[in-house]
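Worksheet for the structure shown next.
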Amino acid sequence: KAGVTQTPRYLIKTRGQQVTLSCSPISGHRSVSWYQQTPGQGLQFLFEYFSETQRNKGNFPGRFSGRQFSNSRSEMNVSTLELGDSALYLCASSPGTGIMNTEAFFGQGTRLTVV
Amino acid sequence: DQQVKQNSPSLSVQEGRISILNCDYTNSMFDYFLWYKKYPAEGPTFLISISSIKDKNEDGRFTVFLNKSAKHLSLHIVPSQPGDSAVYFCAALTQGAQKLVFGQGTRLTINP
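These protein sequence lines map, in sequence, to chains A and B. Count along the first sequence from 1, then add 879; that gives the number in our numbering. Count along the second sequence from 1, then add 6; that gives the number in our numbering.
Now the structure itself:
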């Protein structure tokens with residue numbers, strides 16, 4: 880069974896630009912969550928999509944958005960990039976129903992650097 | 007507002023000894039607690055979890071203890087092995103919410 884795939888693995892962007900990251904969950908999983916990892920803030924929840932609908936949202940500005948397609952693949956977009964957006968962005972895949980305590984699988988992440 | 011806290015950024019333990027990683031939380035609504043292990047350039051990997059109705063869960067070398075009155079949990083690794091060197095994250099969630107709240111992480115180094 881293929882794992883969670885995130886693309887690209889590394890990305891360098893300039894302040895003010897926008898970026899789109901992609902996540903393909905494990906086959907059969909309908910929930911995709913996004914997390915931001917920074918040295919100062921640790922791992923912080925961005926949002927979660929289930930069956931193409933945003934079901935949960937963290938405390939991030941509106942510049943951070945996402946969507947999920949009918950095949951459960953998800954994209955997150957960050958507009959008007961700021962230096963502080965430099966981080967590792969992680970995607971987690973889970974069936975989406977029931978308790979997710981042992982069912983969330985993370986991808987390797989996309990390392991975004993804003994210069 | 008840090009609802010889950012890991013106050014030790016790093017921990018160094020000798021191979022074969024016990025490693026104890028600690029985590030404190032403030033939200034009494036959390037139903038489940040999880041520990042993840044993370045190597046550089048990889049995503050977190052699930053290790054072990056515990057429901058809030060239990061006080062201990064064991065899986066091989068890993069044991070998690072939960073003290074609800076103190077809002078404290080700990081992960082014990084015994085015996086510690088060099089491959090255990092990684093960053094360990096404590097996380098919590100509320101039933102029905104597909105949202106993990108993570109601690110800051112503790113970097114564990116196992117010395118030969």
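Ideal Cβ placement from N, Cα and C applies to all residues, glycine included.
Among the options, nearest to residue i - alpha-carbon criterion
{"i": "Pro940 of chain A", "options": "A:Leu925, A:Ser930 and A:Asn950", "result": "A:Leu925"}
{"i": "Ser901 of chain A", "options": "A:Val911, A:Lys936 and A:Gly975", "result": "A:Val911"}
{"i": "Thr100 of chain B", "options": "B:Phe108, B:Val93 and B:Tyr94", "result": "B:Phe108"}
{"i": "Gln110 of chain B", "options": "B:Pro118, B:Phe71 and B:Tyr94", "result": "B:Tyr94"}
{"i": "Gly882 of chain A", "options": "B:Ala103, B:Phe68, B:Tyr42 and B:Glu48", "result": "B:Glu48"}
{"i": "Gln8 of chain B", "options": "B:Ser91, B:Leu72, B:Ile26 and B:Ala97", "result": "B:Ala97"}
{"i": "Gln933 of chain A", "options": "A:Gly921, A:Glu954 and A:Gln920", "result": "A:Glu954"}
{"i": "Ala966 of chain A", "options": "A:Arg942, A:Ser930 and A:Gly921", "result": "A:Gly921"}
{"i": "Asp30 of chain B", "options": "B:Leu79, B:Tyr38 and B:Lys43", "result": "B:Leu79"}
{"i": "Phe68 of chain B", "options": "B:Leu114, B:Thr115, B:Lys105 and B:Pro85", "result": "B:Pro85"}
{"i": "Gln885 of chain A", "options": "A:Gly988, A:Ser973 and A:Tyr914", "result": "A:Gly988"}
{"i": "Thr32 of chain B", "options": "B:Ser75, B:His82, B:Pro46 and B:Leu81", "result": "B:Ser75"}
{"i": "Ser18 of chain B", "options": "B:Asn63, B:Tyr38 and B:Pro88", "result": "B:Pro88"}
{"i": "Met35 of chain B", "options": "B:Leu114, B:Pro118 and B:Ala103", "result": "B:Ala103"}
{"i": "Ser906 of chain A", "options": "A:Thr917, A:Ser973, A:Leu991 and A:Phe943", "result": "A:Ser973"}
{"i": "Leu991 of chain A", "options": "A:Arg909, A:Gln915 and A:Ala971", "result": "A:Gln915"}
{"i": "Val957 of chain A", "options": "A:Phe943, A:Cys970 and A:Tyr968", "result": "A:Phe943"}
{"i": "Asp37 of chain B", "options": "B:Ile56, B:Phe52 and B:Asp90", "result": "B:Ile56"}
Below-7 Å beta-carbon distance, residue i vs any chain B residue
{"i": "Asn980 of chain A", "result": "Note that Asn980 of chain A scores a pLDDT of 48, beneath 50, so its modelled location is shaky; the value from the coordinates is reported in the next line. Chain B contact via Cβ: present."}
{"i": "Ser910 of chain A", "result": "yes"}
{"i": "Gly988 of chain A", "result": "yes"}
{"i": "Ile891 of chain A", "result": "no"}
{"i": "Gly907 of chain A", "result": "no"}
{"i": "Asn935 of chain A", "result": "yes"}
{"i": "Glu931 of chain A", "result": "no"}
{"i": "Phe924 of chain A", "result": "yes"}
{"i": "Leu991 of chain A", "result": "no"}
{"i": "Gly945 of chain A", "result": "no"}
{"i": "Leu900 of chain A", "result": "no"}
{"i": "Phe985 of chain A", "result": "yes"}
{"i": "Gly921 of chain A", "result": "yes"}
For residue i, the first and last residue of its enclosing beta strand (DSSP E)
{"i": "Ser901 of chain A", "result": "Val898 to Ser903"}
{"i": "Lys993 of chain A", "result": "It should be pointed out that residue 993 of chain A corresponds to Val in this sequence rather than to Lys. Unbroken beta strand (DSSP E) run through Val993 of chain A: Thr989 to Val993."}
{"i": "Leu955 of chain A", "result": "Reading off the sequence shown, one finds Met at residue 955 of chain A, where the question assumed Leu. Met955 of chain A -> beta strand (DSSP E) spans Ser953 to Val957."}
{"i": "Asp65 of chain B", "result": "Lys62 to Asp65"}
{"i": "Glu927 of chain A", "result": "Gly921 to Phe929"}
{"i": "Ala74 of chain B", "result": "Looking at the sequence shown, residue 74 of chain B is not Ala but Lys. Looking at the DSSP string, Lys74 of chain B is not in any beta strand (DSSP E), and its letter there is neither H nor E."}
{"i": "Gln933 of chain A", "result": "Thr932 to Lys936"}
{"i": "Phe948 of chain A", "result": "Counting along the chain, Phe948 of chain A falls outside any beta strand (DSSP E), and DSSP gives it neither H nor E."}
{"i": "Tyr914 of chain A", "result": "Ser910 to Thr917"}
{"i": "Ser57 of chain B", "result": "Thr51 to Ser57"}
{"i": "Ser18 of chain B", "result": "Ser16 to Gln20"}
Chain A within 7 Å of residue i, Cβ atoms only
{"i": "Ser14 of chain B", "result": "no"}
Quick one: which residues of the region 102-115 of chain B get their C-beta closer than 8 Å to a C-beta of chain A? List them in chain order. Residues Ala103, Gln104, Lys105, Leu106, Val107, Phe108, Gly109, Gln110 and Gly111.
Tell me which residues of the region 34-53 of chain B have at least one Cβ-Cβ distance to chain A shorter than 9 Å, keeping chain order. Cβ contacts with chain A come from Asp37, Tyr38, Phe39, Leu40, Tyr42, Lys44, Ala47, Glu48, Gly49, Pro50, Thr51 and Phe52.
Taking only beta carbons into account, state which residues of the region 53-82 of chain B come closer than 7 Å to chain A, listed in chain order. Answer in chain order: Ser55.
Touching or not, the region 8-23 of chain B and the region 947-966 of chain A, by the rule of three or more beta carbon pairs under 8 Å? At 8 Å Cβ cutoff, the stretches do not touch.
Interface residues of the region 953-965 of chain A facing chain B [CB-CB below 9 Å]: Hits within the stretch: zero.
If contact is defined by three or more beta carbon pairs under 8 Å, each pair taking one atom from either stretch, is the region 960-969 of chain A in contact with the region 890-899 of chain A? Under the three-pair Cβ rule at 8 Å, the region 890-899 of chain A counts as touching the region 960-969 of chain A.
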